[in-house]
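Going line by line, the protein sequences match chains A and B. Per full-length UniProt numbering, residue 1 is the first one in the first sequence, and the count goes up by one each step. Per full-length UniProt numbering, residue 1 is the first one in the second sequence, and the count goes up by one each step. Positions of the beta carbon are idealized from the N, C-alpha and C atoms, including for glycine.
There are 2 protein chains.
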Amino acid sequence: MKKQTGAGRAPNIRDVAARAGVSHQTVSRVLNGSDRIRESTRQSVLDAIKATGYRPNSAARALVTRRSGLIGVLSTHQNAHYGPQTMQIAMERTARQAGYQLVLVSTSGERGAVDSAIERLLALDVEALIVLAPRTEVYRALAGVEARVPVLALDSSRREGASNVAVDQFLGSRLATRHLIDLGHKEIVHVGGPQDWIEAEERMQGYLFELGEAELEVTPPILGELSADFGYLAGRDLLRGRRFTGIVAINDQVAIGLLHAFREAGADVPARISVVGFDDIPEAAHIPPGLTTVRQDFVAVGERVVEAALAEIVSGAPSGAILLEPTLEVRGSTAPPTDAGWWASRPLS
Amino acid sequence: MKKQTGAGRAPNIRDVAARAGVSHQTVSRVLNGSDRIRESTRQSVLDAIKATGYRPNSAARALVTRRSGLIGVLSTHQNAHYGPQTMQIAMERTARQAGYQLVLVSTSGERGAVDSAIERLLALDVEALIVLAPRTEVYRALAGVEARVPVLALDSSRREGASNVAVDQFLGSRLATRHLIDLGHKEIVHVGGPQDWIEAEERMQGYLFELGEAELEVTPPILGELSADFGYLAGRDLLRGRRFTGIVAINDQVAIGLLHAFREAGADVPARISVVGFDDIPEAAHIPPGLTTVRQDFVAVGERVVEAALAEIVSGAPSGAILLEPTLEVRGSTAPPTDAGWWASRPLS
DNA sequence: ATCACCGATGAGAACGGTCACATCTCATCC
DNA sequence: GGATGAGATGTGACCGTTCTCATCGGTGAT
């Protein structure tokens, strides 16, 4: 079947051995860098490898060693975002340097889909499972699986049997909210993310916590997607029926949409409305008037989670939770509130 | 070593067979959906599978079938962008529906790194190789590898032995440039991408082609990275020493940076300068004054390339080149040029 | 009744590595 | 000079599947 120049099948370790005039085991030793090999022998084996075009078969190796060299990543469809992507790249690099590869499976949030995604990864004999899709449904599915491998989640919810690496979303949201409060804002609205997304929940809790601390009135948050399109719609809705001077947005994309809606309505940011984003995407500084946002070190998270995974693969013991601290990046979209908010100029109808 | 409840090792096909009172081969038949199985037998096997918690070993299966079920994706570090990420998600979904998984290896552009990345993927027995990193260095490395598997590239450069699926970058850039020309612009500058990035080259060629057609003067392009930060720097440079009324930017991020620089300098867009981006990222419509840009259907590209890969896996024959057409998305950042460009208000020093 | 045939199932050999253990070759020591 | 031991290499089993081919029981044609 397999088309190929020359022989009918790929050369294996015994072909190399025959050519080098040694046993297959000696070839294996050279391949695995054993030091009990005479230099001249090693050389002739290496020559034979090159001459035959031999390439080790990882399936065979995985079969006997029970180590696939794979780390599974469970992701979601909606991850065309800066954060997950940046983490993924950092994870890949870290894994590669340790001799591992990343296998990606993404899933919609639906019940059966998550189960089968996990099943697929486990069937591949991944040595660790990293959950880049911190959604409640994913955890429900994980709980039902008796995983023989370390499971690590990229959020700060401590789960039975799963380690965590994450940026402290609760803290980040507190920083954002506190920043507005410190500026003097009293009417602060939260535009939040999908309810089944764990970090969205944490961010909302941080917002609520600071409002509680400052004894400010809580108005119902608006929950939706993580896109600029949604932010734009939310912004129009807000202008139509709310009193507020500050907004804590679930992420920068949503904040961008909000800015759009406010600009369109003539509600100047930051003169009349202050907006805080989350993530510090690379464009945040370039979008007028410069987006104040919570910066997360996604690269560090990606590196840490893989390091933790590798450690667990070796030790077999969970590595616990690692929580990184976000920082606030203050730019032009936040300022002290005016005496009256935006609605003073355009009273509610 | 491996911690586990109950037995010392994972159940295999013979354990299931013993429990069901059949031969291991019968279990294998049930697993592979053979129709030559009596219904009652199938049921008892399925029961035994459930009872033992059996999970097929993909390494063993891959060893004998020589099909790993993996598709390798060669990517670059700098891919924290909307396009590659969107394609990757679409690729993963399409592959998964066909029973394949994506293995991701990314690489810096350096010589040795690319070679080893390819080597790693081939060692994993990937059944096809998709190149999401259309850089010249990657092609050099690919040429040196005798790949026994289909190679597909996500750009429109036709290479020996590799199929292509791509959006026509040349055409896209022509659309962008032509749009400015049609509006009446005569002094149009290109802010381009990295020179070793194949699509950047094609976009520049499209720009040059249309300028030639219209017999307009070509000024030296500015080449750099694909980030808003770079766009901002490039914008400041341009304002300092060039005469122009229109800009064709290599992508939307760069365009966002340009807009920032122009806004800062008081050079109104689109009144004095028109800007066209590329990609149509989801934020493009929300950034003032709305970014005119070239829209690419990344999802379609991702789907098509995997479909082509699957077809090649089956047929063994290259599927040739597929070229999708981009479209122009006209928004607020482009308009007819004023009689004099931005420099009329702030003459060059 | 015999036999070819077919559907259902079983038995054993691959696949290409690594592991555990055996063997061989010398230099070293008493 | 033979026992000893360590380094270098070889031998065969085994990992968990699927593949090929054999077997078995029943059925319809002869």
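In the DSSP assignment, the beta strand (DSSP E) including residue i goes from what residue to what residue?
i	result
aspartate 279 of chain B	274 to 279
alanine 321 of chain B	321 to 324
valine 22 of chain A	Looking at the DSSP string, valine 22 of chain A is not in any beta strand (DSSP E), and its letter there is neither H nor E.
residue 354 of chain B	Examination of residue 354 of chain B is not possible in this model, given that chain B is present from 1 through 349 alone.
residue 357 of chain B	No information on residue 357 of chain B is available, as it lies outside the stretch 1 to 349 that chain B covers here.
isoleucine 188 of chain B	188 to 192
valine 64 of chain A	Here valine 64 of chain A belongs to no beta strand (DSSP E); instead the alpha helix (DSSP H) covers 58 to 65.
Verify the CB distance criterion: does residue i have a CB-CB separation below 8 Å to chain B?
i	result
glutamine 25 of chain A	no
isoleucine 256 of chain A	yes
alanine 18 of chain A	no
tyrosine 100 of chain A	no
residue 355 of chain A	In the structure as shown, chain A begins at 1 and stops at 349. Residue 355 of chain A is therefore absent and cannot be evaluated.
valine 103 of chain A	yes
glutamate 225 of chain A	no
glutamine 205 of chain A	no
residue 373 of chain A	Only positions 1 to 349 of chain A appear in this structure, which leaves residue 373 of chain A out of reach.
isoleucine 222 of chain A	no
isoleucine 89 of chain A	yes
histidine 286 of chain A	yes
tyrosine 232 of chain A	yes
glutamine 253 of chain A	yes
alanine 7 of chain A	At alanine 7 of chain A, the pLDDT of 47 sits below 50, so the modelled position is not reliable; the number obtained from the coordinates is stated separately. It does not; no Cβ of chain B falls within 8 Å.
serine 44 of chain A	no
proline 282 of chain A	yes
arginine 14 of chain A	no
lysine 3 of chain A	Here lysine 3 of chain A scores only 33 on pLDDT, less than 50, and its place in the model is too uncertain to base an answer on.
aspartate 35 of chain A	no
proline 11 of chain A	no
Are the Cβ atoms of residue i and residue j separated by less than 8 Å?
i	j	result
alanine 141 of chain B	aspartate 125 of chain B	no
glutamate 127 of chain A	isoleucine 273 of chain A	no
leucine 63 of chain B	leucine 31 of chain A	no
glycine 224 of chain B	alanine 249 of chain B	no
residue 413 of chain B	isoleucine 13 of chain B	Residue coverage of chain B in this structure runs from 1 to 349, which leaves residue 413 of chain B outside it and unanswerable.
glycine 235 of chain B	phenylalanine 278 of chain B	no
serine 106 of chain A	isoleucine 89 of chain B	yes
leucine 239 of chain A	glycine 193 of chain A	no
arginine 178 of chain B	glutamate 217 of chain B	no
alanine 95 of chain A	isoleucine 118 of chain A	no
proline 220 of chain B	alanine 123 of chain A	no
serine 75 of chain A	alanine 308 of chain A	no
alanine 166 of chain B	leucine 328 of chain B	no
leucine 233 of chain B	glutamate 92 of chain A	no
Under 8 Å between C-beta atoms, does residue i make it to chain A?
i	result
alanine 162 of chain B	no
alanine 141 of chain B	no
asparagine 32 of chain B	no
serine 28 of chain B	no
serine 58 of chain B	yes
alanine 249 of chain B	no
arginine 331 of chain B	no
histidine 190 of chain B	no
residue 350 of chain B	This structure cannot settle anything about residue 350 of chain B, because the visible part of chain B is limited to 1 through 349.
proline 150 of chain B	no
serine 349 of chain B	Confidence at serine 349 of chain B is low in this model, with a pLDDT of 45, below 50, so the placement of that residue should be treated as unreliable; the coordinate-derived value is given next. Chain A contact via Cβ: absent.
serine 68 of chain B	yes
arginine 295 of chain B	no
aspartate 125 of chain B	yes
alanine 62 of chain B	yes
Under DSSP, the alpha helix (DSSP H) around residue i begins and ends at which residues?
i	result
alanine 123 of chain A	111 to 123
serine 75 of chain A	From DSSP, serine 75 of chain A is part of no alpha helix (DSSP H) but of the beta strand (DSSP E) over 70 to 76.
valine 45 of chain B	39 to 52
glutamine 85 of chain B	82 to 97
arginine 304 of chain B	298 to 315
Taking only runs that begin and end inside the region 130 to 174 of chain A, name each unbroken beta strand (DSSP E) of 3 or more residues, in chain order. For secondary structure counted as the beta strand (DSSP E) over 3 or more consecutive residues, the region 130 to 174 of chain A holds these complete runs in sequence order: 151 to 153, 162 to 167.
Given 8 Å, three or more beta-carbon pairs between the region 164 to 172 of chain A and the region 199 to 210 of chain A: yes
Legend entry - Meets three-Cβ-pair contact criterion under 8 Å: the region 154 to 168 of chain A and the region 284 to 291 of chain A: no
Requested in this report: At 4 residues or longer, and completely inside the region 203 to 276 of chain B: list those alpha helix (DSSP H) runs for me, N to C.
Outcome: 228 to 241, 252 to 265
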